[in-house]
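Numbering (the working numbering), first residue to last: 140 to 285. Positions of the beta carbon are idealized from the N, C-alpha and C atoms, including for glycine. See structure below.
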């Protein structure tokens, strides 16, 4: 049985959620959009989240809260920091704290796709049962318009 990883888009900004969700949907993925740390904790507790695109600040906390919640799960998802451009010191701090990557608005489809691909590669390396692609996302190479 193949269980696909969920992708979560966590942002308090509706336009940001919509933009990322549209890009991910065009990649053939089905993201779940949320706006709070509390909702993210619920999703993470289900144990099937593989990737979280998370704004620096959410309605009830920030990416650090999401990162802490992810560390308490059996399967720790990759977290990509999103939102407005942060300074390089903030981005370095985020990466040092365990954030997988950073992408800023406006979101470019190739940047988002690259994060998904890199997360998939990372998950394959760290998860023995992922060798057969059992719970990874499948992306069609022609999903994005030229």
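Cβ contact check for the segment 174-183 and the segment 200-208: 3 or more pairs under 8 Å:
yes
Residues near residue 154 by beta carbon distance below 7 Å, same chain, minus five either side
none
Going by beta-carbon coordinates alone, are residue 191 and residue 234 separated by less than 8 Å?
no
Between the Cα of residue 220 and the Cα atoms of 259, 232, 169, which residue gives the shortest distance?
232
In angstroms, rounded to a whole number, what distance separates the CA positions of residue 171 and residue 255?
15 Å
Check whether the Cβ atoms of residue 160 and residue 148 sit closer than 8 Å, and answer yes or no.
yes
First through last residue of the alpha helix (DSSP H) which encompasses residue 234
227-236
Contacting residues, own chain, Cβ-Cβ under 8 Å from residue 151 (five flanking each side not counted)
174, 175, 194, 196, 197, 198
Could you spell out the range, first to last residue, of the alpha helix (DSSP H) harbouring residue 160?
Looking at the DSSP string, the run of the alpha helix (DSSP H) that includes residue 160 is 153-165.
Taking only three categories from DSSP, how would you classify residue 258?
When DSSP states are grouped into helix, strand and coil, residue 258 belongs to the helix group.
Are the beta-carbon atoms of residue 222 and residue 249 separated by less than 8 Å?
no
Going by the DSSP bridge assignment, what does residue 193 pair with across the sheet?
149, 220
Ignore the nearest five residues each way along the sequence and tell me which others in residue 281's own chain have a CB closer than 8 Å to its CB.
At residue 281 the pLDDT is 40, less than 50, meaning the model places this residue with poor confidence; the figure from the coordinates comes in the next sentence. Nothing listed; no residue qualifies.
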